[in-house]
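Take a look at the structure set out below.
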Amino acid sequence: MVATAVSRPQRISSDDGLTMKKARKQSDAENEILERQVLICKSFAHSTRLHMLDLLGKRDWSAAELQQELEISKANLSQHVAVLRSAGVVVRRREGKQIFFSLAMPEVKKACQLIQNVLRTQIRNGQRLV
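Mind the numbering: the sequence shown is residues 0 to 129 in numbering that gives the first Met the number 0, read in order.
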(Lines of atoms letter the chains of each structure in order from A; the text may use other names.)
(Lines give C-alpha, C1' and ligand atoms only; values in the text may rest on other atoms or scores of the structure.)
Protein backbone atom coordinates (compact mmCIF):
# COMPACT_ATOMS: atom_id res chain seq x y z
CA MET A 0 0.00 0.00 0.00
CA VAL A 1 1.33 3.40 -1.02
CA ALA A 2 0.79 6.31 1.29
CA THR A 3 -0.20 9.57 -0.35
CA ALA A 4 0.41 12.88 1.21
CA VAL A 5 -2.63 14.99 1.79
CA SER A 6 -1.91 18.63 1.08
CA ARG A 7 -3.13 21.00 3.65
CA PRO A 8 -3.84 24.62 2.93
CA GLN A 9 -0.88 26.70 3.96
CA ARG A 10 -1.46 29.40 6.45
CA ILE A 11 -0.29 32.78 5.32
CA SER A 12 1.44 34.66 8.06
CA SER A 13 0.63 38.30 8.53
CA ASP A 14 4.10 39.14 7.20
CA ASP A 15 3.36 37.20 3.99
CA GLY A 16 0.05 39.04 3.66
CA LEU A 17 1.79 42.40 3.95
CA THR A 18 4.40 41.34 1.40
CA MET A 19 1.68 40.29 -1.04
CA LYS A 20 -0.18 43.60 -0.59
CA LYS A 21 3.04 45.52 -1.12
CA ALA A 22 3.83 43.54 -4.28
CA ARG A 23 0.30 44.12 -5.59
CA LYS A 24 0.56 47.88 -4.96
CA GLN A 25 3.93 47.94 -6.71
CA SER A 26 2.46 45.98 -9.62
CA ASP A 27 -0.49 48.39 -9.83
CA ALA A 28 1.91 51.35 -9.90
CA GLU A 29 4.01 49.72 -12.62
CA ASN A 30 0.88 49.03 -14.69
CA GLU A 31 -0.21 52.65 -14.35
CA ILE A 32 3.23 53.81 -15.48
CA LEU A 33 3.04 51.53 -18.53
CA GLU A 34 -0.45 52.77 -19.41
CA ARG A 35 0.68 56.38 -19.16
CA GLN A 36 3.73 55.57 -21.28
CA VAL A 37 1.43 54.18 -23.97
CA LEU A 38 -0.63 57.39 -23.89
CA ILE A 39 2.47 59.58 -24.22
CA CYS A 40 3.96 57.46 -27.00
CA LYS A 41 0.67 57.61 -28.90
CA SER A 42 0.63 61.39 -28.51
CA PHE A 43 4.12 61.51 -30.10
CA ALA A 44 2.93 59.44 -33.08
CA HIS A 45 2.37 62.31 -35.51
CA SER A 46 4.93 64.48 -37.29
CA THR A 47 2.99 67.70 -36.63
CA ARG A 48 2.89 66.99 -32.89
CA LEU A 49 6.61 66.13 -32.87
CA HIS A 50 7.34 69.40 -34.67
CA MET A 51 5.17 71.21 -32.12
CA LEU A 52 7.06 69.57 -29.22
CA ASP A 53 10.36 70.57 -30.81
CA LEU A 54 9.20 74.19 -31.03
CA LEU A 55 7.84 74.17 -27.47
CA GLY A 56 11.15 72.76 -26.26
CA LYS A 57 12.74 76.06 -27.26
CA ARG A 58 10.18 78.49 -25.80
CA ASP A 59 6.48 79.08 -25.11
CA TRP A 60 4.40 79.80 -28.21
CA SER A 61 1.04 81.49 -28.66
CA ALA A 62 -1.65 79.54 -30.48
CA ALA A 63 -1.46 81.97 -33.42
CA GLU A 64 2.33 81.62 -33.67
CA LEU A 65 2.15 77.84 -33.59
CA GLN A 66 -0.59 77.78 -36.19
CA GLN A 67 1.45 80.00 -38.50
CA GLU A 68 4.75 78.18 -37.92
CA LEU A 69 3.20 74.72 -38.45
CA GLU A 70 1.08 75.97 -41.38
CA ILE A 71 -2.09 74.31 -40.09
CA SER A 72 -5.64 75.45 -39.49
CA LYS A 73 -6.89 76.59 -36.10
CA ALA A 74 -9.08 73.47 -35.86
CA ASN A 75 -6.13 71.21 -36.68
CA LEU A 76 -3.95 72.95 -34.08
CA SER A 77 -6.70 72.49 -31.53
CA GLN A 78 -6.90 68.75 -32.24
CA HIS A 79 -3.15 68.24 -31.94
CA VAL A 80 -2.93 70.28 -28.76
CA ALA A 81 -5.82 68.28 -27.26
CA VAL A 82 -3.94 65.02 -27.82
CA LEU A 83 -0.76 66.39 -26.23
CA ARG A 84 -2.64 67.93 -23.31
CA SER A 85 -4.57 64.72 -22.60
CA ALA A 86 -1.22 62.90 -22.40
CA GLY A 87 -0.02 65.53 -19.93
CA VAL A 88 2.85 66.70 -22.14
CA VAL A 89 1.65 70.22 -22.98
CA VAL A 90 -0.02 72.87 -20.83
CA ARG A 91 -1.76 76.07 -21.81
CA ARG A 92 -2.22 79.41 -20.16
CA ARG A 93 -4.24 82.46 -21.05
CA GLU A 94 -2.88 85.99 -21.08
CA GLY A 95 -5.69 88.36 -21.93
CA LYS A 96 -7.12 87.14 -25.22
CA GLN A 97 -4.05 85.11 -26.17
CA ILE A 98 -3.46 81.45 -25.36
CA PHE A 99 0.10 80.22 -24.88
CA PHE A 100 1.38 76.66 -24.89
CA SER A 101 4.43 75.21 -23.20
CA LEU A 102 5.86 71.83 -22.26
CA ALA A 103 4.40 70.47 -19.04
CA MET A 104 7.86 69.46 -17.82
CA PRO A 105 11.44 69.69 -19.11
CA GLU A 106 11.74 65.89 -19.23
CA VAL A 107 9.52 65.89 -22.34
CA LYS A 108 12.22 67.77 -24.25
CA LYS A 109 14.84 65.30 -23.01
CA ALA A 110 12.68 62.34 -24.07
CA CYS A 111 12.25 63.75 -27.58
CA GLN A 112 15.98 64.44 -27.84
CA LEU A 113 16.76 60.90 -26.69
CA ILE A 114 14.50 59.39 -29.36
CA GLN A 115 16.09 61.63 -32.02
CA ASN A 116 19.56 60.53 -30.88
CA VAL A 117 18.54 56.87 -31.22
CA LEU A 118 17.27 57.56 -34.75
CA ARG A 119 20.46 59.42 -35.72
CA THR A 120 22.50 56.45 -34.51
CA GLN A 121 20.33 54.07 -36.53
CA ILE A 122 20.82 56.17 -39.65
CA ARG A 123 24.58 56.39 -39.08
CA ASN A 124 24.70 52.61 -38.69
CA GLY A 125 22.77 52.16 -41.92
CA GLN A 126 19.71 50.62 -40.29
CA ARG A 127 16.56 50.86 -42.36
CA LEU A 128 12.99 50.82 -41.17
CA VAL A 129 11.03 47.83 -42.40
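The beta carbon of each residue, even a glycine, is placed where N, CA and C say it ideally should be.
Could you name the residues that DSSP lists as bridge partners for Ile-98? Translated into positions along the sequence shown, residue 98 becomes position 99. Paired residue(s): Arg-93.
Under the DSSP definition of a beta bridge, which residues are partnered with Ser-61? Sequence index remark: in the sequence shown, residue 61 carries index 62 (1-based). Note: Ser-61 sits in a beta bridge opposite Phe-99.
For Ser-42, count neighbouring C-beta atoms within 10 Å of its own C-beta (all shown protein chains included) and say buried if the count is 16 or more, exposed if not. To locate residue 42, count along the sequence shown from 1; it is residue 43. Ser-42 is buried by the Cβ-count criterion.
Which value, in whole angstroms, describes the spacing of the CA atoms of Gln-66 and Arg-35? As a working mapping, residue 66 is identified with position 67 in the sequence shown. As a working mapping, residue 35 is identified with position 36 in the sequence shown. Approximately 27 Å between the Cα atoms of the pair.
Report the rounded CA-to-CA distance for Ala-110 versus Lys-96, giving the unit in angstroms. Taking the first residue of the sequence shown as 1, we reach residue 110 at position 111. Taking the first residue of the sequence shown as 1, we reach residue 96 at position 97. So the alpha carbons of these two residues sit roughly 32 Å apart.
Please report the straight-line C-alpha distance between Ser-85 and Asp-15, rounded to a whole angstrom. One-based indexing of the sequence shown puts residue 85 at position 86. One-based indexing of the sequence shown puts residue 15 at position 16. Ser-85 and Asp-15: Cα-Cα distance of roughly 39 Å.
Given 8 Å, three or more beta-carbon pairs between the region 70-81 and the region 17-31: Note that the region 70-81 does not touch the region 17-31; fewer than 3 beta-carbon pairs, one per stretch, sit closer than 8 Å.
When you compare each of Leu-17, Leu-33, Ser-26 and Ser-61 to Leu-102 by their alpha carbons, which one comes out closest? Taking the sequence shown and counting its residues from 1, one reaches residue 102 at position 103. Leu-102 has its Cα closest to that of Ser-61, out of Leu-17, Leu-33, Ser-26 and Ser-61.
Let me confirm a value: Met-104 is counted as buried when at least 16 other C-beta atoms fall within 10 Å, else exposed. Which label applies? Stepping through the sequence shown from its first residue, residue 104 is reached at position 105. That one is exposed.
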